[in-house]
Amino acid sequence: MSGLIGKKLGMTRVFDERGRSVPVTVIQTGPCFVTAVRTKEQHGYDALQLGFEEKREKSVKKPERGIFEKIGIKPLRYLREFRTFVNVAGFKPGDVIKAEIFEGAKSVKVTGTSKGKGFQGVVKRHHFKGGPQTHGQSDRLRAPGSVGSSSYPSRVLKGLRMAGRMGGERVTVRNLKVVRVDAENNVVMVRGGIPGARDGVVIISR
30 MSGLIGKKLG MTRVFDERGR SVPVTVIQTG PCFVTAVRTK EQHGYDALQL
80 GFEEKREKSV KKPERGIFEK IGIKPLRYLR EFRTFVNVAG FKPGDVIKAE
130 IFEGAKSVKV TGTSKGKGFQ GVVKRHHFKG GPQTHGQSDR LRAPGSVGSS
180 SYPSRVLKGL RMAGRMGGER VTVRNLKVVR VDAENNVVMV RGGIPGARDG
230 VVIISR
């Protein structure tokens with residue numbers, strides 16, 4: 030299995046064998062339930078659809094509820110599909126996959142949704158330096174400067190870096206070192222930060 034759905038619990042620190050402080054992000058990885066199995070013969074590719082975090086049956090529509098009742102599990106809030114290069118014949122709907130699949134892994138990649146920061150200017154959004162505070166430009170410190178070209182092509186080019194909405198995007202961080210795996214509590218600790226706010230849903234993959 031290549032990955033699991035998880036939730037960012039927050040950041041803390043642990044100490045390595047030499048007593049050095051290591052900043053880590055704590056991720057609740059599962060338990061995830063197999064909700065569907067895709068096979069190459071039937072669907073053209075091998076994959077597992079996983080579900081994470083139970084939700085109230087009251088908030089589940091009847092057709093969706095029937096899918097979970099057929100599998101024999103409670104309704105789940107998040108569903109994601111993981112393409113896998115291993116044989117999916119050993120899996121069936123209703124199976125449980127836990128954090129123990131990350132035991133022995135040296136690094137992982139984590140995909141999440143970055144924090145939304147609303148409408149921001151070019152200094153914060155694109156790290157512009159800004160203009161000088163003197164020579165008659167005391168009010169242009171955080172301004173973007175000229176956005177158009179001169180006589181040619183006499184227009185604002187597409188993709189020009191400007192002020193606008195920042196954050197709230199899908200972000201993947203690769204090669205995060207696995208510091209600790211608590212298989213009993215389905216917790217994985219990775220070195221450094223990951224995208225998103227606390228309690229945000231993430232995809233963690235080997």
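Yeah, the sequence shown ends on 235 if you go by our numbering, and it's all consecutive.
C-beta: ideal position from N, C-alpha, C; glycine also.
Computed from a predicted model, the values in this text were never measured in an experiment.
Between the beta-carbon of residue i and the beta-carbon of residue j, is there less than 8 Å?
{"i": "Arg85", "j": "Tyr74", "result": "no"}
{"i": "Ala128", "j": "Val230", "result": "no"}
{"i": "Thr201", "j": "Lys138", "result": "yes"}
{"i": "Pro224", "j": "Gly147", "result": "no"}
{"i": "Arg112", "j": "Ile34", "result": "no"}
{"i": "Val56", "j": "Lys87", "result": "The sequence as given places Ile at residue 56; Val does not occur at that position. Going by C-beta atoms, Ile56 is not nearer than 8 Å to Lys87."}
{"i": "Val117", "j": "Pro104", "result": "no"}
{"i": "Gly32", "j": "Arg190", "result": "no"}
{"i": "Arg154", "j": "Ala192", "result": "yes"}
{"i": "Pro173", "j": "Val151", "result": "yes"}
Less than 7 Å between C-beta atoms, sequence neighbours within five positions excluded: which residues of the same chain meet that for residue i?
{"i": "Val43", "result": "Val51, Val53, Val208, Arg209 and Met218"}
{"i": "Ile102", "result": "Phe62 and Gly123"}
Identify the residues that DSSP records as bridge partners of residue i: which are they?
{"i": "Lys36", "result": "Gln57 and Val230"}
{"i": "Phe120", "result": "DSSP output for Phe120 lists no bridge partner at all."}
{"i": "Gly196", "result": "Its beta-bridge partners do not exist; DSSP assigns none."}
{"i": "Leu77", "result": "Val66 and Phe111"}
So, for residue i: in the same chain, excluding its five sequence neighbours on each side, which residues have a beta-carbon less than 8 Å away from its beta-carbon?
{"i": "Arg184", "result": "Gly177 and Ser178"}
If you drop the 5 nearest sequence neighbours on each side, which residues of the same chain put their C-beta closer than 6 Å to that of residue i?
{"i": "Gly236", "result": "Residue coverage of the chain in this structure runs from 30 to 235, which leaves residue 236 outside it and unanswerable."}
{"i": "Asp45", "result": "Val51"}
Is it right to say residue i is buried, meaning 16 or more other beta carbons lie within 10 angstroms of its own, or is it exposed?
{"i": "Gly123", "result": "exposed"}
{"i": "Pro161", "result": "exposed"}
{"i": "Thr64", "result": "buried"}
{"i": "Gly80", "result": "buried"}
{"i": "Val125", "result": "exposed"}
{"i": "Leu205", "result": "buried"}
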